[in-house]
Structures are given as C-alpha cells and as structure tokens.
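Top to bottom, those sequences are chains A, B, C and D. When we follow this note's numbering, the leftmost residue of the first sequence carries the number 1, and every step to the right adds one. When we follow this note's numbering, the leftmost residue of the second sequence carries the number 1001, and every step to the right adds one. When we follow this note's numbering, the leftmost residue of the third sequence carries the number 2001, and every step to the right adds one. When we follow this note's numbering, the leftmost residue of the fourth sequence carries the number 3001, and every step to the right adds one. In this text, a Cβ means the ideal position worked out from N, Cα and C, and glycines have one as well. If you're wondering where the values come from, they're calculated on a predicted model, not measured in any experiment.
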Amino acid sequence: MINKIVNTFDEAVSGIKEGAKLLIASFGGPAECPSYLIAALARTGIKNLTVVSNSGGWGTEFMEAIRTRMSSVLTFPPDFYDLGLLVERGQLTKGILAVPAAIGRIHTPFEKKVMNGEVELELVGQGTIAEGIRAARAGIAAFYTPTGVGTFVAEGKEVREFDGRKYLLEHAIKGDASLIRAHKADRYGNLTYRGSARTFNATMAGASTVTIAEVDEVVELGELDPEQIVTPGIYVQRVVVRPREPRPWDKPM
Amino acid sequence: MINKIVNTFDEAVSGIKEGAKLLIASFGGPAECPSYLIAALARTGIKNLTVVSNSGGWGTEFMEAIRTRMSSVLTFPPDFYDLGLLVERGQLTKGILAVPAAIGRIHTPFEKKVMNGEVELELVGQGTIAEGIRAARAGIAAFYTPTGVGTFVAEGKEVREFDGRKYLLEHAIKGDASLIRAHKADRYGNLTYRGSARTFNATMAGASTVTIAEVDEVVELGELDPEQIVTPGIYVQRVVVRPREPRPWDKPM
Amino acid sequence: MAGARLDERSIALCAAREFQDGMLVNLGIGIPTACVTFIPPDKEVLFHSENGLVGFGQIIEDPQLADANLINAGAQPVSPKPGMVIVDHAESFAIVRGGHIDISVLGAFQVSEKGDLANNVMPGKQVGSLGGGQDLAFCAKKLIVTMTHTDKENRPKIVKQCSSRITAPECVDLIVTDIAVVEVTDRGLVLREVAPGWTAEEVQALTEPRLIVSPELKEMGLM
Amino acid sequence: MAGARLDERSIALCAAREFQDGMLVNLGIGIPTACVTFIPPDKEVLFHSENGLVGFGQIIEDPQLADANLINAGAQPVSPKPGMVIVDHAESFAIVRGGHIDISVLGAFQVSEKGDLANNVMPGKQVGSLGGGQDLAFCAKKLIVTMTHTDKENRPKIVKQCSSRITAPECVDLIVTDIAVVEVTDRGLVLREVAPGWTAEEVQALTEPRLIVSPELKEMGLM
C-alpha cells in the first residue's frame, strides 16, 4: 500500500545530510513557505547546506520587527519561519537565490553573511531558477534561455545564437530534497495548492531526489479531482500535516 | 474589451497561409481532435503545410472502415475528421510526427504519401515533440534531452555530456498556428479540458503565433475557477464553438 | 518436441510479476497492455500512460461504459481510479524523461545481446513510428520487453545484432517471451526461466546469441 | 525655476497611458505597482505577477479583506477578478520568456542612452537582487522604466553609461520620470513630454546624454 504520510516533521526531514542541496519553496508572503519543515531542519542543526530559493528570508529578528513595529496589510503568523532561520543559525554555505537583498538600506541575515564572506551567493533570476528546477524534474540537462546574455549572469557561460538571437546555456537545478508547502494531499502524495501559494511549491515538487510536502490537510484517496491535482503524487515522497495551533520552531514535533 | 470568440470555423482558420507550420493536436482517440478546425483548413485548400502532431491521422476512408467494419469499444462520431483529411487532399508537404505508421500491414494515407515520396516525414518521439512545443511556448530555444542518443534520431545533431550522461540537442518547435480542442472557454480564451483530452491540446496552446481553440462550450467570464483553468487565455488568440449537431466537413461553417 | 508456447496474457502475467508495491509503470501497446490485469490485490501499482494519465484503472471492454475522454496510450478506454491524476503531454514526458517511471514494458521486433531495442519499424514496412517508446526506453529505471520469442518464420527475435534500426541502445533489462525469461546482464544474456515443457536447449535453439543458463533456472510461474 | 516634480502616482498614471486594450502587463515593485489603479474603464488590461497570477484585480489595503493566498510579486494582497488564472512559477516565466508579456514596467537606478537597464544592485549596497526583472527586461515586447529623474543627490539617472552592473542591455523602450517622458530610439533619446512647468532645457540639464527634443513635445498628460 502506498502511504506517503509521515507523522512528524522531524521524520519528514530525516536523512537530509550535511552538505545537501535543498530546494526550499516560498516566495515572500506569509502563506506559501514550508515553515515547519524549515524549523525541523533548524532543529537538526545540519550544516553546509546549499539552498535554492527565491529569497534568503527575513529570519527571526526581522520577522519580529515586521510583526510588532511595521504596519502591514498582511500579518505573518507566529509560526512563520523562513529560510532566514537557517541562515541565522549558520547552516547555509551557499544560496542560489533571485532576491537575496532587502529593498532599501536594511540588510537581511543572508545579505550580512554574504558581506562577511561567510556565505556564497549565486544570484540567478527567477525565470532561470524556475526553469532550471523544472528541467531537473523533466530530465532536461540544460537549456538555452535569452535571459542574461551580455550581463554579469553570463560570465563563464556558453552563449549561442538561434535564429539570430543570442541565448545563454543554463543547467538543470536538481536538489537532494525539495521542501514545499501545499494545501491538500492524499496518501499517494497528490497535492493541491491555495491561490498564489502555488508558485515555487508546485515547481519544486519532483525536482529533487526526495520531495517533502508540508500540508494543511490530508484527505481520503479519491477526494481530489484528477483534473485539479496540480502535483502528481509520483513527484512526492513524504507528506506531513501542519499543526492546528502554532508551535515554536525549537520544539521537536 | 477582450473577446476571443469568433463565430465561424472559416473565420477561425483565416490568415493561415500556404507553407505554414501548424501544430495540430489530437492523440488518436475520438474526443481530443480539433476536427472542425481541420475541416475548415481542408475547405481552404491551402497547400504546402508542415504539420506537427502525434500521428498522421486515419483519413476519411479508414475512418469509414473503422466505423462500419471494425468492432471497437470506442465509437468515432460522424464528425470526426483528423489530420488524414488534409493528407488525402494533398495539403501536406511535411509531417513532424511520432506515430505516422499504422500498426500492422495496413498503411495510413500519410504512410502512403511518404512511400510515394509526396510527403516528407520527420520522425520524432512524443517526448521530444512535446518538450519542443513546450519550449516554444516558454521561450527556450533548445534543450538537451537524453532521448535518442546513439540512434537514427541523433543524425546531424549535437551530442553533449552532462554529469557523465549523453544528451541530444533538440530545438523548440514553434508553429505559425496551433489548432487545439478544449472543453470550456471564456471570452479571455481561458480553457479547460476533459480528462485525457488534455494531452497535446494543452501542450500546444501558446506555442504558435496564433492559437485557435475549438471548444464544446463558452461560459461567462468568472465561471471558470482560476485554479482549475489549465490554459491561460493569454496563450489563446481565437476560440470557436463546436456545433451541437454533426456537420459534414465540406460544408462552410 | 518442446512444450506449448504461452499466450499473450501469460507473457503479460510473467512481466507483471516484476512490479513492486508503489511502483509507477508504463505499459506499451500490445502484449504489455494486458499487464494491468495481473496486479495482486496486496500491491498498489500505478500506471502511467503517455497521453497524460497516472494511476488509471482497468481497460474497459463494454462500449456502454467507455468514456472517450479517458483513454490510454493505445486509445483504449480505461476506468478512473481513486488517486488518478491527469496531466498534459509535456508533463507526461517530464515524468518519463525525469526518470520517474520505475518500469516500462514495451513490445519489440528484435532485442540484441547487449539489450539494444528495435521496435520502431515493423519488419517489411518502410515507415516507422516512435510513439513514446524511445523516451521510455532511454529513461525508465527498468525496461522489460515482452514479445514472442521468434517471428512468423520462426526466426529468433533475440539476436546478436538488430537488423533494423534501433530505438535505443543497451536499454533492455529483461525479456519475457512465450517460451522464456531472459535477463540482459553485463556478462551476457542469462536464461532465468523457461516455459512449462521447454528445456534450456530448446530455448537456445530459437535464440541467436548464446544464453548463459542460470543455476537457478526455473519454470515460468503463471500464478 | 522649474515646475514641481510629479509624485509617484502621477508617474504611474503616465506609464499606464501606454497600456492598450487586451494587453498583458507586468508591473514591477515600487512605482510601477501603482499603474494598476489607472486603467480606464473602457480598456481591459490583464496584469501578470511573477509568482503566477494572470488577470488579478486591485491591491488590497484593508487588512480585513487581505488573503495571504492571493498576493502579487511585491507580496501585497490583491483582489481576485473574473477571468483570473493561477499558474506555478515555471509557467509564470514561460509566459515571460515566451514573449507573451506586452509591456513590462520596471523601476531602475540608472538607464543608459542605449537603453541599458541597471536595477539589480541598489547604489551603496553590496548585494543585489534580480527577482524576475531580468527575464522581463529581456523578454517583454515593450519595456517601460518608471523612476525619479535624478537620485537623492540630484544626479542624473539617465546616463551615458551605467555605472553599476546592468540587468539587461539595450532593453528599455520608454522612460517615464517625475519630470519627463523619454523614448529610447535608434537615433538616441527622444524627449517626448515634460512635466507641467518644465522646459526641455531644464530636463536636459538633469540628463547626462543629449536629448533629441521631439517636434511634437507635449506636456505630460495627467488624465
């Protein structure tokens, strides 16, 4: 019998090793980040991680300031933990990111680590990150994109002309594990998402050796409409359900 | 106001020129082929077409035999016209196809024309066709696939090694027009499909200069759930509704 | 005189024994299609179809129950099943190319000693078809070929070198025929099983390359 | 003494005049975001957001109405709209890279005479961000930059050559600032409009490369 549901977040991230390359979804809002998987990863203390994501995250201090001192139309729940948590705890060696820098004069935890030379940054546009991840899922080794030709992004990369236009050779971005957040799942690992929370979550599913999904709810097999499932369960290896009440990141669960 | 609905099939295929490269969906069953668009194209009599599709179709004679003499679990409706109609009428110069040959000793109209030297065949596997079409939609000029290395498919193509495995360079397959069939549409051109009829229909949408969709039904804007729309309307330029009663292919409509 | 040859359903049954619980399997047109009926109730095996189905049910034989909008790669109507998913053709081959298929079962005209697969041009025909078979042959984790052991003139279909152009080189892992189960290994072709009433010698006589007879040679189990 | 500088909303309004009925438009973070409020009722313009929205509505300012599962690329909550579609990030950039975006409106730190865009490293910062801006700059059919005409030290942001690393070369088509509308053409930069109370000379004085004054020079229309 196929059953991809695991009982704890600690179990969900088990087997992720020091030096792993992780695809961690999230875009920047409160609802599409796999916070409990990130928290579980923080609890493991595993180091030397390379993380592929949109941004380097805010981390706990900034998040606290955003919650208490900045007026925001959207509220970040108390159990919102992003990539910044791993950055603050020194677990990252490298980030492959599209938005590592904060807008304005402030510096994110990731930015500070880059400035200190503690962390390496590979700055890649969202389109190339997303396509590289999709290529990994789809068994495409590399592809030619028009984006980045003639800029710093093209350094050391092959440029080739097709039909009179120049393209850059970019490679698949495959992870050891993908950490994603979804809305509903069944025991096959089939997933649906909510609204704009689909973003990198659906893209990263299936692009790593192991895809781990943090979900709001598990439903009976057959309850999800075959035409409305966004991620086929064959792309997902583990599913874990978020707690109903917010829990602190440092408490095993 | 955005309104992509056109009133007739003749209008829907207008502007397709002699020598055009067309992506025509269909897989092989009775339900996922844009039969009325194919019929309208047959009525134009336009020649020298290059067609990208799964198969070369059965054509009218075979279809008649399938309907009347062969027992089949699935019935082909009287208004099922496939690519074979265009082949029989001598409108094709070239087919880029995955399944041009019939199984067994019979020959499809396309096969016969290839054997006579009247039509050129580029035999490509379904995965490479589908990925090439998707690449066109996605602005990727070319990509490296493992499929075909060391076979006749690789002749004249670049082979390159990534991480110890050999890959073949394949190019985007962009059309002048995509002819597809969908289930529901709204006036923005947003589309949904029915079951396995999604296949090449959803893949080809947006991969040509003009995408033309033959649909069962047009619904009010807002009636399609934003999370369940498979093809965003921005990939679709024209939508035309199938008649309720079957119509012969050679009658203008 | 050798035993009877197995029918297509028995070949399919023998191939289906390779399917493990939780696997994703693609079945080609012809003999492989019948594998879908031989999944023991204690195993959950998901089937992939090139046109974009994952996890569909049985093939429907009753026209009354057939839905033209739920067909497999052979354009046969199939039944829906809980947990089924529908994707488009590009994603369907993302699944194949991305290495997400555990087992592909394909038909063949010839298989070589090295596991080269020839199944794209029917002998005697000029025009061939690739379908989705080339992607499957290159990218599935394991490739099983089901076929008759010999052609209509009783010539071996397991050959030293394929006489027609190949679909994929060195890709076949296991060959299940109407008289034998042969594994393609680095050492050569290993005869693992023979059909009831057949000896290794009789199978060898209908096979072009030399077969290494497995020390655990068994009779093909049909249960 | 020159006239007043336009506020951000007026800049956005001027950029929004370029939008035609039926166009698909992507709005960057900052000034461009405000364009969404300036679509005349007789035009249907669809907005694309990098995170996978097509055809969303207005930005929501009331926390009570905000849905965290419907945010734009700036992580602001937006309202749904009939005809809206949600896709994943890869498809969202298939839309961008595939040339399906009619107009991209981006902010910039500098734009060169040739239309080079520099907006990935904020002056004075070490670490930059690309977001989705590089794909948009390379692949949108038309690129409009909205920005203040000068930086905080009143130095020109329209320059002969960008001093910081560029996001994309020769990509900007139109520059809308708080004092002018400048078109990037093969002949050079053409001053098309000036803000109320400003002369071409005054705009030129705050612009590094030479501006070709359009024979049809107009005042920036704010309706």
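**OP:** Please state whether DSSP places P2215/C in a helix, a strand or coil.
**Re:** Counting from one through the third sequence, the residue named residue 2215/C turns up at place 215. Three-state DSSP puts P2215/C in a strand.
Original post:
Ends of the alpha helix (DSSP H) at T1068/B?
Top reply: Stepping through the second sequence from its first residue, residue 1068/B is reached at position 68. From DSSP, the alpha helix (DSSP H) with T1068/B extends over G1059 to T1068.
Original post:
In this structure, does DSSP put E1220/B in helix, strand or coil?
Top reply: Taking the first residue of the second sequence as 1, we reach residue 1220/B at position 220. Coil.
Subject >> Contact under 8 Å by Cβ, V2184/C with V2172/C >> reply: Numbered from 1 along the third sequence, position 184 holds the residue referred to as residue 2184/C. Numbered from 1 along the third sequence, position 172 holds the residue referred to as residue 2172/C. Yes, the Cβ-Cβ distance between V2184/C and V2172/C is below 8 Å.
Original post:
Within 8 Å (strictly less), CB to CB, does E3050/D reach chain A?
Top reply: Reading the fourth sequence from its first residue, position 50 is the one you call residue 3050/D. At least one chain A Cβ lies under 8 Å of E3050/D.
Original post:
Is the Cβ of M115/A closer than 8 Å to any Cβ of chain C?
Top reply: The residue you call residue 115/A lines up with position 115 of the first sequence. It does not: the Cβ of M115/A has no partner Cβ on chain C nearer than 8 Å.
Original post:
From W1058/B to G1084/B, what distance separates their C-alpha atoms?
Top reply: Position 58 of the second sequence, counted from the start, is the residue given in the question as residue 1058/B. Position 84 of the second sequence, counted from the start, is the residue given in the question as residue 1084/B. Rounded to whole angstroms, W1058/B to G1084/B spans 5 Å at the Cα level.
Original post:
Just how far apart, CA to CA, sit S2129/C and S1055/B?
Top reply: Residue mapping note: residue 2129/C aligns to position 129 of the third sequence, counting from 1. Residue mapping note: residue 1055/B aligns to position 55 of the second sequence, counting from 1. Rounded to whole angstroms, S2129/C to S1055/B spans 9 Å at the Cα level.
Original post:
When you compare each of G19/A, A141/A, D79/A and A65/A to A40/A by their alpha carbons, which one comes out closest?
Top reply: On the first sequence, residue 40/A is found 40 positions in, with the first residue counted as 1. Ranking the options by Cα distance to A40/A, first place goes to D79/A.
**OP:** For my contact list, I2031/C and E2050/C are in at a C-beta cut-off of 8 Å; report their separation, rounded to the angstrom.
**Re:** Start at 1 with the first residue of the third sequence, and residue 2031/C comes out as number 31. Start at 1 with the first residue of the third sequence, and residue 2050/C comes out as number 50. I2031/C to E2050/C, Cβ: 17 Å. No contact.
Original post:
Is the Cβ-Cβ distance between P110/A and G95/A less than 8 Å?
Top reply: What you label residue 110/A is simply residue 110 of the first sequence in a count that begins at 1. What you label residue 95/A is simply residue 95 of the first sequence in a count that begins at 1. For clarity, residue 110/A is Phe in the given sequence; the question names Pro instead. Going by C-beta atoms, F110/A is nearer than 8 Å to G95/A.
Subject >> Residue ranges of each beta strand (DSSP E) within the stretch 147-218 of chain A, 3 or longer >> reply: 159-162, 165-171, 175-185 and 208-218
**OP:** Please decide whether T2037/C counts as near chain B, where near means a Cβ-Cβ distance under 8 Å.
**Re:** Taking the third sequence and counting its residues from 1, one reaches residue 2037/C at position 37. No, T2037/C lies away from the interface with chain B (no Cβ there is under 8 Å from its Cβ).
Original post:
Assuming K2141/C contacts D2102/C under a Cβ cut-off of 8 Å, what Cβ separation, rounded to an integer in Å, is found between them?
Top reply: Position 141 of the third sequence, counted from the first residue, corresponds to residue 2141/C. Position 102 of the third sequence, counted from the first residue, corresponds to residue 2102/C. About 5 Å separates the two Cβ atoms, so the contact holds.
Original post:
Unbroken beta strand (DSSP E) runs of length 3 or more, entirely within the stretch 3097-3127 of chain D: which are they?
Top reply: 3103-3106 and 3110-3112
Subject >> Whole-angstrom distance between A25/A and Y235/A, CA atom to CA atom >> reply: Your numbering for residue 235/A matches position 235 in the first sequence. Your numbering for residue 25/A matches position 25 in the first sequence. The straight-line gap from Cα to Cα measures roughly 15 Å.
Subject >> Contacts that S1030/B makes with chain C (C-beta to C-beta distance below 7 Å) >> reply: Translated into positions along the second sequence, residue 1030/B becomes position 30. The amino acid at residue 1030/B is misidentified as Ser; the sequence shows Pro. Correct list: A2068.
Subject >> 8 Å Cβ cutoff, G127/A in contact with chain C >> reply: For the purposes of this step, residue 127/A is identified with residue 127 of the first sequence, where counting begins at 1. It does not: the Cβ of G127/A has no partner Cβ on chain C nearer than 8 Å.
Original post:
Which chain B residues sit within Cβ distance under 7 Å of A141/A?
Top reply: By 1-based counting over the first sequence, the position of residue 141/A is 141. Going along chain B in sequence order, the residues near A141/A (Cβ under 7 Å) are Y1144, F1162 and Y1167.
Original post:
Under the DSSP definition of a beta bridge, which residues are partnered with T1231/B?
Top reply: By 1-based counting over the second sequence, the position of residue 1231/B is 231. Partner(s): L1191/B.
Original post:
Given that K2125/C touches chain B, what residues does it touch there, using C-beta distances under 7 Å?
Top reply: For this step, residue 2125/C is matched to residue 125 along the third sequence. Those within 7 Å of K2125/C in chain B are A1101.
Original post:
Quick one: does E1227/B have its CB under 8 Å from some CB of chain D?
Top reply: Locating residue 1227/B in the second sequence gives position 227, where the first residue counts as 1. At least one chain D Cβ lies under 8 Å of E1227/B.
Subject >> Among S3163/D, G3107/D and Q3058/D, the one whose alpha carbon lies nearest that of P3080/D >> reply: Working through the fourth sequence from its first residue, we reach residue 3080/D at position 80. When only C-alpha atoms are compared, the closest one is Q3058/D.
Subject >> Interface residues of the stretch 2148-2174 of chain C facing chain B [CB-CB below 8 Å] >> reply: R2165, I2166, T2167, A2168 and P2169
Original post:
So is L1022/B in contact with chain C if we call contact Cβ pairs under 8 Å?
Top reply: Counting from one through the second sequence, the residue named residue 1022/B turns up at place 22. No, L1022/B does not count as interfacial toward chain C.
Original post:
Once you ignore the five residues that flank F3138/D on each side, which residues in its own chain have a CB closer than 6 Å to its CB?
Top reply: By one-based count along the fourth sequence, residue 3138/D stands at place 138. Only A3168 meet the Cβ criterion.
**OP:** Give a yes or no on whether the minimum CB-CB distance between A3034/D and chain A is below 8 Å.
**Re:** As a working note, residue 3034/D is residue 34 in the fourth sequence. No, because no Cβ of chain A sits closer than 8 Å to the Cβ of A3034/D.
Subject >> Residues of its chain near V219/A, where Cβ-Cβ distance is below 8 Å and the 5 sequence neighbours each way are ignored >> reply: Translated into positions along the first sequence, residue 219/A becomes position 219. The residues are K184, A185 and D186.
Original post:
Do the stretch 3114-3123 of chain D and the stretch 3151-3167 of chain D make contact, defined as three or more Cβ pairs closer than 8 Å?
Top reply: yes
**OP:** Output the distance between the C-alpha atoms of V241/A and G2098/C, rounded to the nearest integer angstrom.
**Re:** Against the first sequence, residue 241/A aligns to sequence position 241. Against the third sequence, residue 2098/C aligns to sequence position 98. Roughly 27 Å between the two C-alpha positions.
Subject >> Beta-carbon proximity of P3082/D to L1221/B, cut-off 8 Å >> reply: Here residue 3082/D corresponds to residue number 82 of the fourth sequence, with the count starting at 1. Here residue 1221/B corresponds to residue number 221 of the second sequence, with the count starting at 1. Their beta carbons are under 8 Å apart, which means P3082/D touches L1221/B by this criterion.
Original post:
I think A2015/C touches V2176/C, with their Cβ atoms under 8 Å apart; what is that distance to the nearest whole Å?
Top reply: In the third sequence, counting from the first residue as 1, residue 2015/C sits at position 15. In the third sequence, counting from the first residue as 1, residue 2176/C sits at position 176. The Cβ separation is near 5 Å, so the contact holds.
Original post:
Should D2102/C be flagged as near chain B, meaning a C-beta pair shorter than 8 Å?
Top reply: Residue numbering aside, residue 2102/C sits at position 102 when the third sequence is read from its first letter. Chain B contact via Cβ: absent.
Subject >> Partner residues on chain D for I133/A, Cβ-Cβ distance less than 9 Å >> reply: Position 133 of the first sequence, counted from the first residue, corresponds to residue 133/A. Within chain D, the residues near I133/A are H3089 and A3090.
**OP:** Return the bridge partner residues of T3185/D from the DSSP annotation.
**Re:** The count along the fourth sequence starts at 1 and reaches residue 3185/D at position 185. Per DSSP, G3188/D.
Original post:
Would you report the Cα separation of A1020/B and A3108/D, rounded to the nearest angstrom?
Top reply: Taking the first residue of the second sequence as 1, we reach residue 1020/B at position 20. Taking the first residue of the fourth sequence as 1, we reach residue 3108/D at position 108. In a straight line, the C-alpha of A1020/B is about 41 Å away from that of A3108/D.
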